[in-house]
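Novice:
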Ligand code: MN
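Residue numbers (the working numbering): 197 to 488.
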């Protein structure tokens with residue numbers, strides 16, 4: 197099942213074959229929303245997903261259908277508690293960073309591994325859907341502003357877990373999305389550079405884990421204004437998704453709705469206002485993201 201959020205926070209099921217979205221917003225009545233302060237640090241829709249999916253199946257029978265190309269796609273997960281990112285998870289990207297100070301900015305890439313560097317976090321306030329697009333920030337500093345696209349498969353965590361072993365790791369995944377880990381290059385801390393408003397693009401919908409299947413060898417590609425920039429398979433990851441979940445949950449308790457950006461392959465590069473990024477991942481689909 198391909199679940200999307202669209203227009204004014206409506207819930208939809210995407211039917212790619214017919215190019216339509218079925219409006220199943222009534223199923224949101226099954227989302228268990230905590231009453232009173234404080235709210236749990238999780239996404240309520242993802243935490244309620246089994247009940248919501250059963251209501252979605254009922255709602256589909258009489259759902260209004262809209263043209264997919266005409267709806268505004270919002271991030272499929274509205275309120276992730278945290279967004280965790282994998283750095284340097286494709287060797288060809290490590291290689292391009294090693295030979296380009298515009299990427300490395302003095303960081304020592306020799307022996308760079310996730311085991312040494314760890315993961316990084318992106319602020320949840322940076323999250324947008326494809327329809328909102330990326331708005332570049334170019335503040336006046338003495339540092340040159342270079343803003344790059346990074347195409348990544350994103351796993352949406354479905355249930356709470358900590359110290360998760362790799363053999364059970366995929367059972368903690370609710371679904372998969374396409375992510376753009378937009379990045380300001382520079383000497384600043386990664387969490388600062390990667391948390392700018394609109395710099396975490398998530399879309400175009402979430403493919404549930406049962407439909408998506410094994411994430412071990414999935415093709416992806418990214419173009420800017422039609423020009424191919426990134427093309428790879430998730431089979432080239434240094435830490436595959438089970439290992440990323442095992443590693444991350446050794447430090448952080450994962451909650452429903454948490455997002456794991458799994459790292460980018462080679463071909464990252466700058467974008468400028470007016471560019472159109474198109475990102476494609478097999479078994480998910482494609483999304484167009486305008487840069488402003
Ligand atoms: Mn990245």
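Just so it is clear, CB atoms sit at the ideal spot from N, CA and C, and this is done for glycine as well.
If we count Cβ pairs, one from each stretch, closer than 8 Å, do we get three or more for the segment 327–335 versus the segment 294–304?
Specialist: Flag = no, the segment 327–335 and the segment 294–304 do not touch.
Novice: From residue 393 to residue 322, what distance separates their C-alpha atoms?
Specialist: Using only the alpha carbons, I get a separation of about 4 Å.
Novice: Hey, would you say residue 279 sits closer than 8 Å to residue 403, going by beta carbons?
Specialist: Not closer than 8 Å, so no.
Novice: For the putative contact between residue 438 and residue 269, defined by C-beta atoms under 8 Å, what is the C-beta separation to the nearest angstrom?
Specialist: About 29 Å; that fails the 8 Å criterion.
Novice: Can you check whether the C-beta of residue 392 is within less than 8 Å of a C-beta belonging to chain B?
Specialist: Absence of chain B from the displayed structure is noted, only one protein chain being present.
Novice: Once you ignore the five residues that flank residue 272 on each side, which residues in its own chain have a CB closer than 7 Å to its CB?
Specialist: Hits under 7 Å: 199, 200, 201, 373, 398, 399, 401, 402.
Novice: Three or more C-beta pairs under 8 Å: does that hold for the segment 307–318 against the segment 461–479?
Specialist: Touching, no, given that fewer than three Cβ pairs across the two stretches are closer than 8 Å.
Novice: Candidates 314, 470, 207, 289: which alpha carbon is nearest residue 262's?
Specialist: Comparing Cα positions, the closest option is 207.
Novice: Could you say which of 350, 445, 387 lies nearest to residue 455 if we only look at CA atoms?
Specialist: Ranking the options by Cα distance to residue 455, first place goes to 350.
Novice: Specify which residues have a beta carbon nearer than 6 Å to any heavy atom of the ligand MN, listing them in chain order.
Specialist: Those residues are 281, 346, 348, 377, 457, 459, 460, given in chain order.
Novice: Ignoring anything shorter than 4 residues or poking outside the segment 390–417, list the alpha helix (DSSP H) runs there in chain order.
Specialist: Fully enclosed alpha helix (DSSP H) runs of 4 or longer: 405–408.
Novice: Compute the Euclidean distance between the alpha carbons of residue 488 and residue 474, then round it to the nearest angstrom.
Specialist: Between residue 488 and residue 474, the C-alpha separation is close to 15 Å.
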